[in-house]
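K.L.:
Okay, here's the structure, questions in a sec.
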Amino acid sequence: MSRPAAAAADRTHWTGAEARAILDLPFMELLFRAQTVHRQHFDPNRVQLSRLLSIKTGGCPEDCGYCSQSARHGSGLSASKLVEVERVIAEARRARDAGATRYCMGAAWRSPKDRDMDQVVAMVEGVKALGMETCMTLGMLDAGQARRLRDAGLDYYNHNIDTSERHYPNVITTRSFADRLDTLAVVRDSGIKVCSGGILGLGEGQQDRVDMLVTLANLPEPPDSVPINMLIAIPGTPMQDAEAVDPIDFVRTIALARIMMPQSHVRLSAGRTGMSDEMQALCFFAGANSIFVGDTLLTAGNPDEDRDMRLLSRLGMSPMVAHEHAPQDAAPLPSAPDRAAMPVPILR
Ligand code: SAM
Ligand code: DTB
Ligand code: SF4
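Just so you know, the sequence shown maps onto residues 599 to 946 in this note's numbering.
Quick look at the structure:
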């Protein structure tokens with residue numbers, strides 16, 4: 599590969615072979631290129647903090663092989679009802695006061711029912727009024743539902759493609775890869791920003807990881823946010839015994855995502871409890887610039903706040919402010935000695 603990183607960053611159409619050649623570069627070369635691209639678009643010392651809340655847990659009719667919330671698997675999770683709007687807003691306020699700038703609400707649905715839309719819209723309006731960025735992940739959407747969410751002020755909609763088109767049927771059979779792309783088009787066309795990524799550790803090969811990123815990067819517009827999850831193997835699901843991902847391969851995939859989608863927030867998403875601090879630091883160096891904070895994701899665990907804040911402080915990294923997207927949006931960074939004395943945000 600002789601193409602300089604900057605030229606690679608300008609690509610809007612990728613082939614699997616081109617992307618694979620980058621993934622397979624010597625590790626130091628790959629990370630140097632990813633960090634170079636990262637610095638052209640973001641402040642490398644800033645990380646975006648999102649908080650997740652499950653607004654409707656369990657009992658999902660879909661069969662996603664990794665998920666604790668599918669009614670078709672034996673994870674033992676019981677189903678609960680849609681959470682009250684007031685509780686969601688109170689939780690979001692606590693998250694905001696503790697430093698999170700984006701609030702992501704997830705429901706274990708194939709798609710929202712029209713009867714649930716008023717409640718969901720009220721959640722978006724309420725969280726938005728707190729000054730936070732809002733994100734929802736509710737399954738498949740139709741155009742009318744997307745319009746309602748947009749009109750309520752929803753900033754992002756998360757809908758993952760999860761893996762490559764080739765590997766997808768080995769993981770999910772109740773909705774197709776094309777269904778996922780259709781929902782992404784509905785979201786994009788409505789004007790809501792797209793958050794879409796996938797999971798590593800579903801038994802896929804390296805080329806599946808590459809092809810998943812090729813699909814995302816070649817969308818009419820790359821997603822604004824790209825969550826890269828490491829499988830949390832849930833007992834009772836078909837993926838309970840899946841082979842763990844090699845940490846170096848995980849970091850390589852983050853670097854490739856950064857190079858292929860230079861302007862997107864790449865989120866080091868589920869699975870951080872299984873990562874060392876050093877692995878997470880490498881992921882940040884490879885271009886990850888967003889994490890979920892708080893000790894619970896939707897149903898599974900996440901590192902506790904103290905560990906995360908210690909890690910960010912040790913790395914001299916500080917949280918982005920809401921709606922911060924580019925280096926010019928960032929407040930000036932404190933100098934190194936000041937950074938040592940920097941207050942660590944308390945996340946509850
Ligand atoms: N039901 C909605 C949907 O699937 O579109 C929204 C919630 S779903 C839990 C959101 C995403 O979380 C999934 O697409 C998947 O990528 C990720 N996820 C779910 N379970 C996971 C697990 N055990 N490990 C890693 N990521 C997971
Ligand atoms: C995403 O890609 N990861 C988040 C968010 N989007 C909604 C969800 C992770 C879920 C991890 C498993 C659980 O908590 O049940
Ligand atoms: Fe349902 Fe979403 Fe879990 Fe799939 S990932 S089973 S759609 S909650």
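For each residue, glycine too, the CB sits at the ideal point set by N, CA and C.
#1: Tell me G899's beta-bridge partners as DSSP assigns them.
#2: Going by DSSP, name the residue or residues bridged to L647.
#3: When the distance is taken between beta carbons, is M918 closer than 7 Å to Q743?
#4: Might you give, ordered along the chain, the residues of its own chain that have their beta carbon closer than 7 Å to the beta carbon of H611, omitting 5 neighbours on each side?
#5: Run through the DSSP bridge pairs and tell me what G704 is partnered with.
#6: Starting from C793, trace the beta strand (DSSP E) both ways and give me its first and last residue.
#7: Just reading off the beta strand (DSSP E) that H671 is part of, what are its end residues?
#8: Assign K654 to buried or exposed, taking buried as 16 or more other Cβ atoms, counted over all protein chains shown, within 10 Å of its Cβ.
#9: Which word fits T771, buried or exposed, when buried means at least 16 other C-beta atoms lie within 10 angstroms of its C-beta?
#10: In whole angstroms, give me the CA-to-CA distance for A776 and G789.
#11: Just reading off the beta strand (DSSP E) that P825 is part of, what are its end residues?
#12: Between which two residues does the beta strand (DSSP E) containing G796 stretch?
#13: Between the C-alpha atoms of E802 and A750, what's the straight-line distance to the nearest angstrom?
#14: Do P821 and L814 have their CB atoms nearer than 7 Å?
#15: Under 6 Å Cβ to Cβ from T613, same chain only, skipping five residues before and after it: list those, please.
#16: Measuring CA to CA, which of P710, T732 and E682 is closest to C956?
#17: Report all residues for which the CB-ligand distance to some heavy atom of the ligand SF4 is below 5 Å; order them along the chain.
#18: So is L880 in contact with chain B if we call contact Cβ pairs under 7 Å?
#19: When the Cα atoms are used, what is the spatial distance from E723 to V683?
#20: With H, G and I counted as helix, E and B as strand and the rest as coil, what does DSSP make of P917?
#21: Any heavy atom of the ligand DTB closer than 6 Å to the beta-carbon of L896?
#22: What number of angstroms, rounded off, separates the C-alpha of A696 from the C-alpha of M721?
#23: Could you spell out the range, first to last residue, of the alpha helix (DSSP H) harbouring V849?
#24: Name the DSSP beta bridge partners of L866, please?
P.N.:
Taking the definition as stated:
#1: Note: G899 sits in a beta bridge opposite T894.
#2: According to DSSP, which records beta bridges pairwise, L647 is partnered with I889.
#3: Using a Cβ distance threshold of 7 Å, Q743 and M918 do not count as a contacting pair.
#4: Leaving aside the five residues that flank H611 on each side, the residues in its chain whose CB is nearer than 7 Å to its CB run, in chain order, N816.
#5: Paired residue(s): S652 and T735.
#6: Note, C793: beta strand (DSSP E), K791 to C793.
#7: The continuous stretches of beta strand (DSSP E) do not include H671, and DSSP gives it neither H nor E.
#8: So K654 counts as buried.
#9: It counts as exposed.
#10: Spanning the two alpha carbons is a distance of roughly 20 Å.
#11: Taken as a continuous stretch (DSSP letters only), the beta strand (DSSP E) holding P825 covers S823 to M828.
#12: That run of the beta strand (DSSP E) goes G796 to L798.
#13: Going from the Cα of E802 to the Cα of A750 covers about 38 Å.
#14: Yes.
#15: Only residues of its own chain outside the window of five on either side were considered, and among them none has a CB closer than 6 Å to the CB of T613.
#16: No statement about residue 956 is possible, as the shown extent of the chain runs from 599 to 946 and does not include it.
#17: That query returns the following residues: C658, E660, C662, C665, Q667, S668 and A706.
#18: Within the model displayed, chain B is absent; a lone protein chain is all it includes.
#19: Going from the Cα of E723 to the Cα of V683 covers about 10 Å.
#20: Secondary structure at P917: strand, using DSSP grouped into helix, strand and coil.
#21: Yes, the Cβ of L896 comes within 6 Å of a heavy atom of the ligand DTB.
#22: Going from the Cα of A696 to the Cα of M721 covers about 19 Å.
#23: P845 to M858 is the extent of the alpha helix (DSSP H) around V849.
#24: Per the DSSP secondary-structure output, L866 pairs in a beta bridge with I826 and I889.
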